[in-house]
Amino acid sequence: MSERTASCLCGNLKVVARGEPFDVYLCGCRDCQRKSGSSFTYAALYAESAVTIAGERRTYRRNGDSGRFIETHFCPTCGVTVFFHAEGLPGLVGIAAGCFADPDFTKPSRLYWASRHHHWLDLPASIAREDTQ
Ligand SMILES: [Zn+2]
Ligand SMILES: [Zn+2]
């Protein structure tokens, strides 16, 4: 079974994920733009049982547009968010796919909140667009 390690910039916070992700997607909502400092987040969902987390972390909890909570977990030293939990995704852990730093990582299936993404962003037609989430 394949095993991949997602890491923050300084290497303190690490998440080991076993097997293939349950889903991989992009989200271009405004919160994700702010969180990433970029156009969208790139996330991989794994079953809780397929993931091992190690390292010091802090948690930021907020309510999404749906009213349900999202908790992002980040390294207190370098500030990078490596993973998250969402009330709407019970039993799953979301990993910031860029933290794998693997150019061969699984392609996203869709972009959520396409209605809010940056106007210049031109994604391949094989990535579906959803106007909301
Ligand atoms: Zn760090
Ligand atoms: Zn989002």
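Quick note: the sequence shown uses our numbering, first residue 470, plus one each step.
In this text, a Cβ means the ideal position worked out from N, Cα and C, and glycines have one as well.
Label residue i either buried or exposed according to how many other C-beta atoms from any shown protein chain fall within 10 Å of its C-beta, with 16 as the threshold for buried.
i: residue 563; result: buried
i: residue 595; result: exposed
i: residue 473; result: buried
i: residue 490; result: buried
i: residue 570; result: exposed
i: residue 476; result: buried
i: residue 528; result: exposed
So is the beta-carbon of residue i under 8 Å away from any non-hydrogen atom of ligand 2?
i: residue 600; result: no
i: residue 506; result: no
i: residue 497; result: yes
i: residue 500; result: yes
i: residue 582; result: yes
i: residue 510; result: yes
Quick one: grab the DSSP three-state call for residue i.
i: residue 500; result: helix
i: residue 519; result: helix
i: residue 569; result: helix
Quick check: residue i and residue j, are their CB atoms within less than 9 Å of each other?
i: residue 576; j: residue 541; result: no
i: residue 533; j: residue 492; result: no
i: residue 552; j: residue 485; result: no
i: residue 494; j: residue 578; result: yes
i: residue 522; j: residue 482; result: yes
i: residue 535; j: residue 602; result: yes
i: residue 588; j: residue 497; result: no
Exercise answer, beta-carbon shell around ligand 1 heavy atoms below 7 Å
477, 478, 479, 480, 481, 482, 544, 546, 547 and 549
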